[in-house]
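Notes follow once the structure below has been shown.
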Amino acid sequence: MDLGLTGRVALVAAASSGLGLAVARTLAAEGAHVAICARDPDRLARAHAEIDACGPGRVTSTSVDLTDDDAAAAWVRDTAAELGALHIVVTNSGGVPHGPVDAFDTGTYREALADNTVPHVAVALAALPYLTRAGWGRIVMITSEAVRQPLADTALSAVARLGVLGFAKGLVHSLGAQGVTVNVLAPGFHRTPALDAQFGEDVEQAVAEVAKGLPLGRVGRAEDFGALAAFLASEQASFVTGTVLLADGGNTRGLS
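Residue numbering for the sequence shown follows our numbering, starting at 6 and increasing by one per position.
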């Protein structure tokens with residue numbers, strides 16, 4: 006299937022590793038020009054090289070702290086200027102500590118909102134003028150399965166990610182008539198460096214135990230997620246907006 010992404014300009018936040026990198030790689034393979042950002046310059050350089058090898062489009066990479074609103078806006082502005090347009094915006098952020106709801110003080114909750122909610126808002130708001138000017142746009146926000154059902158020890162994630170969901174819903178109506186769709190992707194367990202770090206030394210055993218509890222019998226591959234995001238960014242998904250799409254292998258067992 007031709008996704009209609011050749012020549013489109015895509016911006017993917019926090020894309021030096023994991024799911025963000027998988028999305029950027031897939032978009033590049035589909036012929037899009039791809040701009041990525043992350044904090045760590047070394048990881049960013051490695052990601053840039055990986056993405057550049059995936060497709061014929063241009064790739065740009067910028068070291069950005071997305072908790073700095075001005076820096077986030079500058080990255081969006083500079084990307085649109087350098088690549089000539091902006092059509093696809095994939096917002097993303099890092100993880101949060103795990104633990105029960107009463108394990109954290111209010112300062113930790115406030116920090117989670119600053120680090121994992123506001124960056125989505127900052128990048129999306131900065132991108133809106135370019136998307137509406139183009140008359141064709143896709144906003145895909147990466148959150149977590151916790152927006153559907155907070156699981157054990159994911160209360161902090163749920164609080165932060167649900168803020169993103171509320172913001173996304175607010176965009177749907179105002180942008181629809183201007184040809185811009187807004188969707189939220191809610192991933193569950195995917196095999197990424199972050200997941201491996203979470204599980205510690207007994208990674209393979211921990212992954213196998215998680216897989217046993219999933220209806221599909223396996224954790225997700227990063228490329229599974231990348232393909233899903235690319236579809237939502239595609240021409241073929243032009244009538245899909247306002248959705249929260251679970252990519253969790255059935256972990257939350259939700260059909261509504």
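The beta carbon of each residue, even a glycine, is placed where N, CA and C say it ideally should be. Note that this is a predicted model, so its numbers are computed, not measured.
My guess is that Ala234 and Val28 are in contact by the Cβ rule of under 8 Å, so how many angstroms apart are they, rounded?
About 4 Å; that satisfies the 8 Å criterion.
Compare the C-alpha of Pro102 against each of Leu219, Tyr114 and Gly171 and name the closest.
Tyr114
Please list the terminal residues of the continuous beta strand (DSSP E) segment that includes Gly142.
First-last of the beta strand (DSSP E) with Gly142: Gly142 to Ile147.
By how many angstroms is the C-alpha of Ser98 removed from the C-alpha of Ser66?
16 Å
CA-CA distance, Leu32 and Phe236?
9 Å
Label Arg30 either buried or exposed according to how many other C-beta atoms from any shown protein chain fall within 10 Å of its C-beta, with 16 as the threshold for buried.
buried
Keeping to the same chain, check which residues put their C-beta closer than 7 Å to that of Gly255; ignore five residues upstream and five downstream.
Leu219, Pro220 and Leu221
Could you check how far apart the C-beta atoms of Gly25 and Val17 are, in whole angstroms? I think they sit under 8 Å.
6 Å
Do you know how far the Cα of Glu55 is from the Cα of Ala216?
Each residue's Cα considered, the two are about 28 Å apart.
Put Val101 into one of helix, strand or coil per three-state DSSP.
coil
Between Gln183, Ala227, Leu180 and Ala182, which lies nearest to Asp201 when the distance is taken from Cα to Cα?
Its Cα nearest to that of Asp201, the residue Ala227 stands out among Gln183, Ala227, Leu180 and Ala182.
Ends of the beta strand (DSSP E) at Leu4?
In the structure as shown, the chain starts at 6 and stops at 261, and residue 4 therefore has no counterpart that could be examined.
Among the candidates Leu190, Ala43, Asp120 and Ala20, whose CA atom is the shortest distance from the CA of Thr72?
Asp120
Sort out for me which residues DSSP pairs His195 with in a bridge.
Gly225
My understanding is that Ala165 touches Thr122, with C-beta atoms under 8 Å, so please give their C-beta distance in whole angstroms.
5 Å between Cβ atoms; contact.
Please list the terminal residues of the continuous alpha helix (DSSP H) segment that includes Val28.
Gly23 to Ala34
Name the two residues that bound the continuous beta strand (DSSP E) containing Ser68.
Val64 to Ser68
Please confirm whether Ile144 and Leu170 have their CB atoms less than 9 Å apart.
no
Give the DSSP bridge partners of Ala15, in chain order.
Val39 and Ile93
Any idea which residues DSSP pairs Thr257 with across the strands?
Partner(s): none; Thr257 has no beta bridge.
Assuming Val189 contacts Leu180 (C-beta within less than 8 Å), just tell me the rounded distance between them.
The pair is not a contact, with the Cβ atoms about 14 Å apart (cut-off 8 Å).
Whose C-alpha, out of Ala157, Ser162 and Asp7, is nearest the C-alpha of Glu116?
When only C-alpha atoms are compared, the closest one is Ser162.
For the segment 75-89 and the segment 141-158, state whether three or more C-beta atom pairs, one from each stretch, are separated by less than 8 Å.
Flag = no, the segment 75-89 and the segment 141-158 do not touch.
The alpha helix (DSSP H) spanning Gln154 covers which residue range?
Premise fails: Gln154 is in no alpha helix (DSSP H) and is neither H nor E.
Of all the options Gln154, Val212, Phe204 and Asp207, which has the alpha carbon lying nearest to the alpha carbon of Ala191?
Gln154
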